[in-house]
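Chemist: Each residue of the sequence shown is one higher than the one before, counting from 23 in the numbering used here.
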Amino acid sequence: MASRYAYKYSLAALVFSRLALAQTPGTQTAEVHPKLPTYKCTTSGGCVQQDTSVVLDFGYRYIHDGATSCTTSSGVNTSLCPNQATCSANCQVEGVNYASAGVSTSGNALTMYQYQTANGKTSSVSPRIYLLGPDGNYVMMQLNGQELRFDVDLSTLPCGENGALYLSEMSATGGRTSSAPAGAAYGAGYCDAQCPRETWRNGTIDAAGPYCCNEMDVCINLP
Numbered sequence: 023m024a025s026r027y028a029y030k031y032s033l034a035a036l037v038f039s040r041l042a043l044a045q046t047p048g049t050q051t052a053e054v055h056p057k058l059p060t061y062k063c064t065t066s067g068g069c070v071q072q073d074t075s076v077v078l079d080f081g082y083r084y085i086h087d088g089a090t091s092c093t094t095s096s097g098v099n100t101s102l103c104p105n106q107a108t109c110s111a112n113c114q115v116e117g118v119n120y121a122s123a124g125v126s127t128s129g130n131a132l133t134m135y136q137y138q139t140a141n142g143k144t145s146s147v148s149p150r151i152y153l154l155g156p157d158g159n160y161v162m163m164q165l166n167g168q169e170l171r172f173d174v175d176l177s178t179l180p181c182g183e184n185g186a187l188y189l190s191e192m193s194a195t196g197g198r199t200s201s202a203p204a205g206a207a208y209g210a211g212y213c214d215a216q217c218p219r220e221t222w223r224n225g226t227i228d229a230a231g232p233y234c235c236n237e238m239d240v241c242i243n244l245p
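(1) Need the endpoints of the beta strand (DSSP E) that ALA206 sits in, please.
(2) Would DSSP call ASN112 helix, strand or coil?
(3) Pull up the CB-CB distance for ALA140 and SER126, whole angstroms please, since I reckon it's below 8 Å.
(4) Three-state secondary structure (DSSP) at GLY67?
(5) Inspect the beta-carbon positions of GLY67 and THR221 and report whether they are closer than 9 Å.
(6) Distance, Cα to Cα, GLU191 vs LEU102?
(7) If we count the other Cβ atoms within 10 Å of its Cβ and call it buried at 16 or more, is GLN168 buried or exposed?
(8) Exposed or buried, THR65, counting other C-beta atoms within 10 Å across all chains shown (16 or more means buried)?
(9) Reducing DSSP to helix, strand and coil, say where SER32 ends up.
(10) Closest to TYR188 by C-alpha separation, out of ASP157, ASN166, ILE151 and ALA207, would be which residue?
(11) Verify whether the separation of the beta carbon atoms of ALA206 and VAL118 is less than 9 Å.
(12) Please classify LEU132: is it buried, with 16 or more other beta-carbons within 10 angstroms of its beta-carbon, or exposed?
(13) GLN168 by DSSP, collapsed to three states: which one?
(14) So, do the stretch 194-213 and the stretch 153-164 have three or more beta carbon pairs nearer to each other than 8 Å?
(15) Would ALA215 and CYS241 be called neighbours here (beta carbons separated by less than 9 Å)?
(16) Using a 10 Å radius around the Cβ and a threshold of 16 neighbouring Cβ atoms, would you call VAL70 buried or exposed?
(17) Is the CB-CB distance between CYS63 and ASP87 below 9 Å?
Below, the structure written as structure tokens:
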């Protein structure tokens, strides 16, 4: 299962030709994943640091054709995305500024912010992020017979906000294919047990309805 850290947590670093590719990585904003080292421990070998980082969900990104967004407030831009083939040829997905998205790391500590202020205006960002391995795929946790240990600081979590850590049985690659190369590296492939209806599914138009998968809640914090 892919893991989602504190509110929820998932890149393709290569730039591909835009022609006939689905939501390819763009060139306006580089995708630089905040490092978040984790540790795998055994009784015989002690703890070994893992080269892990976090990646923001695909749906939070600027997906566009030139200066025109491929999404609207109600879903996909049907002029650019009347079907998947046309959308594939038209649209690119950009990297994100993680600080502006409310995500920062320091050593093995992760901080996430519900609200951000820019140009005197405060808005809700509510980031959803995933844990990413060094191969550009989601970290798949096999927890049978193992222990998952973490610390959560709730001292600044206000009433009515939810800081959640849970596991979801997403595709390790985020649905990466030759025609949809962004995949887990750009946070694609979200699903959960509530069967959400997302604008994008595995980096392509979600035309098949709700996207369900197994989910295990580890820590749900509602002060």
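Ideal placement from N, C-alpha and C gives every residue a C-beta, glycine not left out.
Modeler: Taking the geometry as given:
(1) Note, ALA206: premise wrong, no beta strand (DSSP E); not H, not E.
(2) In the structure shown, ASN112 sits in a helix (DSSP, three-state: H, G or I).
(3) So it is not a contact: roughly 15 Å between Cβ atoms.
(4) Reduced to three states, the DSSP call for GLY67 is coil.
(5) It is not a contact, given that the beta carbons lie outside the stated cut-off.
(6) Going by the C-alpha atoms only, they are around 31 Å apart.
(7) Exposed, since its Cβ has fewer than 16 Cβ neighbours within 10 Å.
(8) Exposed is the call here.
(9) For SER32, the pLDDT reaches just 30, beneath the cut-off of 50, and the residue's location in the model is therefore unreliable, leaving the point undetermined.
(10) Taking each of ASP157, ASN166, ILE151 and ALA207 in turn and checking the Cα distance to TYR188, the smallest one comes out for ILE151.
(11) In this structure, VAL118 does not lie closer than 9 Å to ALA206 by Cβ.
(12) With 16 or more neighbouring CB atoms inside 10 Å of its own CB, LEU132 falls in the buried class.
(13) The answer is coil: DSSP assigns GLN168 none of H, G, I, E or B.
(14) Between the stretch 194-213 and the stretch 153-164, the count of Cβ pairs shorter than 8 Å is three or higher; the stretches touch.
(15) It is not a contact, given that the beta carbons lie outside the stated cut-off.
(16) VAL70 comes out exposed.
(17) No, these two residues do not count as a Cβ contact at 9 Å.
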